[in-house]
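Student: This is the structure I have questions about; it appears just below.
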Amino acid sequence: AQRVTQPEKLLSVFKGAPVELKCNYSYSGSPELFWYVQYSRQRLQLLLRHISRESIKGFTADLNKGETSFHLKKPFAQEEDSAMYYCALSLGRSGYSTLTFGKGTMLLVSP
Amino acid sequence: DVKVTQSSRYLVKRTGEKVFLECVQDMDHENMFWYRQDPGLGLRLIYFSYDVKMKEKGDIPEGYSVSREKKERFSLILESASTNQTSMYLCASSFRRGGQPQHFGDGTRLSIL
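First to last, the sequence lines map onto chains G and V. Each residue of the first sequence is one higher than the last, beginning at 1 in the working numbering. Each residue of the second sequence is one higher than the last, beginning at 1001 in the working numbering.
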């Protein structure tokens, strides 16, 4: 059963437009969720985690337990935001934590 | 800053060869992970290890094995490489405590001919 769903493979917006990358999860426990980002030719890196409730590079994400969602938002997209974004859910497995990733959304920001 | 180093960025091997992918981390992390990353499929967990000489299967362990003889090093082994194992392989590490973020290496682009 897919635990993390990112419904959009590709999201294309113009510079300055608002961005929302969708993520829905399936988990009966108390979820721990992350957003990771991979810029072109760079390593996958943590963007933000829900427990921190912080804003990184203008991005925020709010955990909505009722809708089981953790959408990533930014009010004004920049060209340098173009990247592949992955939503990830921390799972207990054999008593240890692993991450289950969504399939990713490619964000393209055009000038 | 955490450093996760994968020994090769690009690797080309032939069908049937035994292939070793090496990963080293310098942050004394207990947990280490191997993923493969394929377009449209995201990251899928192959194996992970939570301590030296300990290993656990991930979601797609078939055709792979791992070795962790030292805390800082985690090796992925393709016992007999096949063309469907052509992929990008990512290594990651994290502290054991639950909910900790994982830190990734640059990846190894493996092609099996």
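Heads up, the beta-carbon is just placed ideally off N, CA and C, and yes, glycines get one too.
Report all residues from its chain with a CB closer than 6 Å to the CB of valine 1019 of chain V; omit the five preceding and five following residues, and keep chain order.
Tutor: Counting only Cβ-Cβ distances below 6 Å, and skipping sequence neighbours, we find Lys1013, Leu1078, Ala1081.
Student: Please compile the residues from chain V whose C-beta is within a distance smaller than 8 Å of the C-beta of phenylalanine 34 of chain G.
Tutor: Pro1101
Student: Hey, would you say threonine 1086 of chain V sits closer than 8 Å to leucine 1021 of chain V, going by beta carbons?
Tutor: no
Student: Can you say whether tyrosine 1064 of chain V is buried or exposed, counting buried as having 16 or more other CB atoms within 10 angstroms of its CB?
Tutor: buried
Student: Taking aspartate 1106 of chain V as the query, report the chain G residues whose CB atoms sit under 7 Å from its CB, ordered along the chain.
Tutor: Arg43
Student: For chain G, find out if any of its Cβ atoms is closer than 8 Å to the Cβ of phenylalanine 1074 of chain V; answer yes or no.
Tutor: Not closer than 8 Å to any Cβ of chain G, the Cβ of phenylalanine 1074 of chain V fails to qualify, so no.
Student: Is there a Cβ of chain V sitting closer than 8 Å to that of phenylalanine 101 of chain G, yes or no?
Tutor: yes
Student: Return the first residue and the last residue of the beta strand (DSSP E) that glutamate 80 of chain G is part of.
Tutor: Unbroken run through glutamate 80 of chain G: none, as it is neither H nor E.
Student: Kindly list, in the order they appear in chain G, the residues whose Cβ is closer than 9 Å to that of tyrosine 1010 of chain V.
Tutor: Under the 9 Å cutoff, chain G gives no residues; its nearest Cβ is about 13 Å from tyrosine 1010 of chain V.
Student: According to DSSP, is lysine 50 of chain G part of a helix, a strand, or is it coil?
Tutor: Note on residue identity: the sequence assigns histidine, not lysine, to residue 50 of chain G. DSSP, reduced to helix, strand and coil, places histidine 50 of chain G within a helical segment of the structure shown.
Student: What separation, rounded to the nearest whole angstrom, lies between the Cα atoms of lysine 15 of chain G and leucine 1043 of chain V?
Tutor: 28 Å
Student: From leucine 99 of chain G to cysteine 1091 of chain V, what does the alpha carbon distance come to, in whole angstroms?
Tutor: Taking the straight line joining both Cα atoms gives about 13 Å.
Student: I'd like the span of the beta strand (DSSP E) that includes serine 1065 of chain V, first residue to last.
Tutor: Run containing serine 1065 of chain V: 1064-1070, per the beta strand (DSSP E) assignment.
Student: Along chain V, in chain order, which residues have C-beta atoms closer than 7 Å to that of threonine 5 of chain G?
Tutor: Result: empty, since nearest Cβ-Cβ is about 11 Å, beyond 7 Å.
Student: If contact means a Cβ-Cβ distance below 7 Å, which residues of the region 1034-1052 of chain V contact chain G?
Tutor: Gly1040, Leu1041, Gly1042, Leu1043, Leu1045, Phe1048, Tyr1050
Student: Pairs of beta-carbons, one from the region 84-94 of chain G and one from the region 24-35 of chain G, closer than 8 Å: are there three or more?
Tutor: yes
Student: Drop a sphere of 10 angstroms on the beta-carbon of threonine 1083 of chain V, count the other beta-carbons inside from all chains shown, and report buried for 16 or more, exposed for fewer.
Tutor: A residue is called buried when at least 16 other Cβ atoms come within 10 angstroms of its Cβ; threonine 1083 of chain V does not meet this threshold and is exposed.
Student: In the structure shown, what three-state DSSP assignment does glutamine 6 of chain G receive?
Tutor: coil
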